[in-house]
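Asker: One line per chain: the protein sequences are V and X, in this order. According to this note's numbering, the first sequence is numbered sequentially starting from 21. According to this note's numbering, the second sequence is numbered sequentially starting from 21. Glycine included, every Cβ here is placed at the ideal spot set by N, Cα and C.
There are 2 protein chains.
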Amino acid sequence: MPKATRTRIDDREALKKRYVEEAGKIIATEGLSALTARRLAGNLAVAVGTTYNLFANLDEIVVAVNGTTLDGLAAAIAAKPLPAESVEAALIALSDRYLGFVRKNRNLWQALFEMAPPGEGNEAFPNQPRFEALFAVVEGVLTPLFLPGEEAARARSARVLWAGLHGISMLALGQRLAPLGVATAEDLVETLVCCHVAGLRADRKS
Amino acid sequence: MPKATRTRIDDREALKKRYVEEAGKIIATEGLSALTARRLAGNLAVAVGTTYNLFANLDEIVVAVNGTTLDGLAAAIAAKPLPAESVEAALIALSDRYLGFVRKNRNLWQALFEMAPPGEGNEAFPNQPRFEALFAVVEGVLTPLFLPGEEAARARSARVLWAGLHGISMLALGQRLAPLGVATAEDLVETLVCCHVAGLRADRKS
DNA sequence: CGCATACTTGAACGGTGTTCACAAGGCTGC
DNA sequence: GCAGCCTTGTGAACACCGTTCAAGTATGCG
Numbered sequence: 021m022p023k024a025t026r027t028r029i030d031d032r033e034a035l036k037k038r039y040v041e042e043a044g045k046i047i048a049t050e051g052l053s054a055l056t057a058r059r060l061a062g063n064l065a066v067a068v069g070t071t072y073n074l075f076a077n078l079d080e081i082v083v084a085v086n087g088t089t090l091d092g093l094a095a096a097i098a099a100k101p102l103p104a105e106s107v108e109a110a111l112i113a114l115s116d117r118y119l120g121f122v123r124k125n126r127n128l129w130q131a132l133f134e135m136a137p138p139g140e141g142n143e144a145f146p147n148q149p150r151f152e153a154l155f156a157v158v159e160g161v162l163t164p165l166f167l168p169g170e171e172a173a174r175a176r177s178a179r180v181l182w183a184g185l186h187g188i189s190m191l192a193l194g195q196r197l198a199p200l201g202v203a204t205a206e207d208l209v210e211t212l213v214c215c216h217v218a219g220l221r222a223d224r225k226s
Numbered sequence: 021m022p023k024a025t026r027t028r029i030d031d032r033e034a035l036k037k038r039y040v041e042e043a044g045k046i047i048a049t050e051g052l053s054a055l056t057a058r059r060l061a062g063n064l065a066v067a068v069g070t071t072y073n074l075f076a077n078l079d080e081i082v083v084a085v086n087g088t089t090l091d092g093l094a095a096a097i098a099a100k101p102l103p104a105e106s107v108e109a110a111l112i113a114l115s116d117r118y119l120g121f122v123r124k125n126r127n128l129w130q131a132l133f134e135m136a137p138p139g140e141g142n143e144a145f146p147n148q149p150r151f152e153a154l155f156a157v158v159e160g161v162l163t164p165l166f167l168p169g170e171e172a173a174r175a176r177s178a179r180v181l182w183a184g185l186h187g188i189s190m191l192a193l194g195q196r197l198a199p200l201g202v203a204t205a206e207d208l209v210e211t212l213v214c215c216h217v218a219g220l221r222a223d224r225k226s
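1. Using DSSP with H/G/I as helix, E/B as strand and the rest coil, what is A218(V)?
2. Against S177(V), what residues of chain X qualify as contacts under a CB-to-CB distance less than 8 angstroms, listed in chain order?
3. Can the beta-carbon of T71(X) be found closer than 8 angstroms to that of L60(X)?
4. Report the start-end ranges of each alpha helix (DSSP H) in the region 74-99 of chain V that is 4 residues or longer and not cut off at the edges.
5. Quick check: Y39(V) and L78(V), are their CB atoms within less than 8 angstroms of each other?
6. Exposed or buried, what is T89(X) when buried is set at 16 or more other beta-carbons lying within 10 Å of its beta-carbon?
7. Thinking just about the alpha-carbon of each residue, which of E170(X), R150(X), D116(X) and P103(X) is nearest to the one in I188(X)?
8. Cβ of V180(V) less than 8 angstroms from any chain X Cβ?
9. Give the single residue among K36(V), S177(V) and L162(V) whose Cα lies nearest to the Cα of L102(V).
10. What are the residues of the region 145-166 of chain X that lie near chain V, defined by any Cβ-Cβ distance shorter than 7 angstroms?
11. Compile a chain-ordered list of the residues in the region 99-118 of chain X whose CB is closer than 9 angstroms to at least one CB of chain V.
12. So E108(V) is in the alpha helix (DSSP H); what residue range does that whole segment cover?
13. CB-CB under 7 angstroms to V68(X), same chain, minus the five flanking residues each way: which ones, in chain order?
14. Would you identify the three-state DSSP class for F155(X), choosing helix, strand or coil?
15. Any beta carbon of chain X sitting closer than 8 angstroms to that of G219(V)?
16. Can you give me the C-alpha to C-alpha distance between F145(X) and A136(X), rounded to a whole angstrom?
17. Let's test the definition: count the other Cβ atoms within 10 Å of the Cβ of E210(V) and tell me whether it reaches 16, buried, or not, exposed.
18. With DSSP run on the structure shown, which of helix, strand or coil describes Q148(X)?
19. Say whether chain X places a C-beta atom closer than 8 angstroms to the C-beta of R123(V).
20. Specify, as a first and last residue, the run of the alpha helix (DSSP H) that V180(X) falls within.
21. Is L74(V) close to chain X? Criterion is C-beta to C-beta, closer than 8 angstroms.
22. What does the Cβ neighbour count give for R32(X), buried or exposed, with the cut at 16 atoms within 10 Å?
23. Would you kindly report the start and end of the unbroken alpha helix (DSSP H) that includes A61(V)?
24. Interface residues of chain V around L208(X) at Cβ under 8 angstroms?
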């Protein structure tokens with residue numbers, strides 16, 4: 021005996037937003053594995069079936085949450101202007117903001133990568149543009165180190181730095197570097213950035 | 021009406037091995053999500069309950085599989101001696117072997133990182149020593165670049181390079197760098213290694 | 001041979017994501 | 001004002017999941 025508290029068409033987008041918000045809260049506080057169709061519907065005081073009127077499946081909701089996570093990351097990085105005195109300083113500041121965001125939003129950040137990557141035959145992956153926007157920020161910072169016409173090398177460096185940052189975050193979150201007490205994530209990031217930039221400068225001179 | 025084809029005590033270890041082998045096959049060919057208690061038991065012609073006489077839970081089997089994966093990776097890296105003509109060449113060879121292994125064993129490699137990392141209160145994570153052994157290989161290669169007493173800096177560099185390699189592999193597997201056709205994973209690794217080493221050498225001179 | 005023990009067994013439990021026949025509300029046209 | 005359509009919420013049901021455990025059976029021992 022359904023009750024059907026009817027919502028108007030305009031409300032549907034609002035309801036979807038509530039879904040994404042609530043899913044974000046659940047993931048943020050308890051991790052992706054706590055996100056459950058029944059749990060989510062219950063928190064929103066809605067029947068399970070409703071979810072599937074609005075989204076194709078739970079993954080679609082996670083993708084939407086990941087989108088807002090990436091937006092939050094972009095906002096955290098762009099909050100203040102990056103220091104302009106040197107490329108190194110800008111990259112380190114950028115990285116520190118990244119690490120800070122990751123630490124504040126462990127579970128959300130983890131959810132970004134727990135989604136199965138696009139299979140061998142890759143259908144476009146929805147948040148790709150947002151990732152590219154973040155690459156672009158790094159490329160922008162790197163520009164002074166490259167001559168016009170070296171865009172390919174600049175793109176490579178940006179991706180290498182981004183990948184390094186990603187790897188360091190993973191290691192840090194997984195406590196994989198704690199046992200030796202060898203260094204904080206920030207130390208590693210500084211090593212990453214400084215060596216890379218110094219290497220680029222050295223190449224330039226030779 | 022149980023059938024109980026009785027196995028001898030000595031056979032238990034052999035059966036565990038068969039479990040890990042079969043689980044490895046399933047993960048390798050169909051991914052971690054295809055590994056199911058019933059599927060695994062079925063493939064081994066055994067009842068579901070038997071699994072839990074041998075292992076505490078499925079994760080324990082995955083950890084065992086991950087152990088053999090890491091052993092395989094170590095073996096792939098140590099298969100031939102690394103080129104001795106330069107640190108760069110050695111690191112690039114090492115990285116290429118890593119990338120080759122990852123590509124050959126996508127799903128197994130992914131399973132390494134799909135396991136939830138140790139929570140905030142970290143109980144020791146079983147394959148830690150194997151990871152550290154791989155760090156040690158990188159550190160060994162890096163040794164000529166550092167003076168005695170700079171072990172901490174060497175450890176940092178090793179971790180930075182390892183993290184970079186990890187990040188590049190992730191990006192490559194997730195097709196995150198394909199859309200621009202910007203570079204192969206091998207290109208990025210070369211950039212990573214060469215810039216880092218050049219940066220270290222530049223620091224040394226100054 | 002009989003017995004105790006150790007082990008396998010598979011039904012059962014409480015969960016999961018997803019589907020779908022159905023009912024209830026809003027909207028349109030008369 | 002009201003009939004009917006159509007959109008959309010509903011929740012029982014399905015097939016699966018990891019895990020448990022009472023019951024039954026083969027083995028090793030006395």
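Answerer: Let me spell this out:
1. On the first sequence, position 198 is the one that residue 218(V) refers to. It is helical.
2. Against the first sequence, residue 177(V) aligns to sequence position 157. The contacting residues are T211 and C215.
3. In the second sequence, the residue the question calls residue 71(X) occupies position 51. In the second sequence, the residue the question calls residue 60(X) occupies position 40. Against a cut-off of 8 angstroms, the Cβ pair of L60(X) and T71(X) comes out as a contact.
4. Whole alpha helix (DSSP H) segments, 4+ residues: 78-98.
5. Translated into the one-based positions of the first sequence, residue 39(V) becomes position 19. Translated into the one-based positions of the first sequence, residue 78(V) becomes position 58. Against a cut-off of 8 angstroms, the Cβ pair of L78(V) and Y39(V) comes out as no contact.
6. Numbered from its first residue, the second sequence carries residue 89(X) at position 69. Flag for T89(X) reads buried.
7. Within the second sequence, residue 188(X) is the residue found at index 168, counting from 1. It is D116(X) whose Cα lies nearest to the Cα of I188(X).
8. Within the first sequence, the letter at position 160 stands for residue 180(V). Yes - at least one Cβ of chain X is within 8 angstroms of the one on V180(V).
9. As a first step, residue 102(V) is located in the first sequence; it is residue number 82 there, counting from the start. Among K36(V), S177(V) and L162(V), the Cα nearest to that of L102(V) belongs to L162(V).
10. From the region 145-166 of chain X, only Q148 and F151 have a Cβ closer than 7 angstroms to chain V.
11. Hits within the stretch: zero.
12. As a working mapping, residue 108(V) is identified with position 88 in the first sequence. Secondary structure note for E108(V): its alpha helix (DSSP H) is the uninterrupted segment V107 to K124.
13. Translated into positions along the second sequence, residue 68(X) becomes position 48. These residues qualify, in order along the chain: A57, R58 and A61.
14. For the purposes of this step, residue 155(X) is taken as residue 135 along the second sequence, with counting starting at 1. When secondary structure is reduced to three states using DSSP, F155(X) falls in the helix class.
15. The residue given as residue 219(V) occupies position 199 in the first sequence. By this cut-off, G219(V) is an interface position.
16. On the second sequence, position 125 is the one that residue 145(X) refers to. On the second sequence, position 116 is the one that residue 136(X) refers to. Rounded to the nearest whole angstrom, the C-alpha separation of F145(X) and A136(X) is 10 angstroms.
17. Sequence index remark: in the first sequence, residue 210(V) carries index 190 (1-based). It counts as buried.
18. Residue numbering aside, residue 148(X) sits at position 128 when the second sequence is read from its first letter. Correct three-state label for Q148(X): helix.
19. Sequence index remark: in the first sequence, residue 123(V) carries index 103 (1-based). Cβ-Cβ to chain X under 8 angstroms: no for R123(V).
20. By 1-based counting over the second sequence, the position of residue 180(X) is 160. Run containing V180(X): E171 to L193, per the alpha helix (DSSP H) assignment.
21. Here residue 74(V) corresponds to residue number 54 of the first sequence, with the count starting at 1. No, because no Cβ of chain X sits closer than 8 angstroms to the Cβ of L74(V).
22. As a position in the second sequence, residue 32(X) is number 12, starting the count at 1. Counting the other Cβ atoms within 10 Å of the Cβ of R32(X) gives fewer than 16, which makes it exposed.
23. Residue numbering aside, residue 61(V) sits at position 41 when the first sequence is read from its first letter. Per DSSP, A61(V) belongs to the alpha helix (DSSP H) from A57 to N63.
24. The residue given as residue 208(X) occupies position 188 in the second sequence. Near L208(X) (Cβ distances below 8 angstroms), the residues of chain V are R176, R179, V180 and A183.
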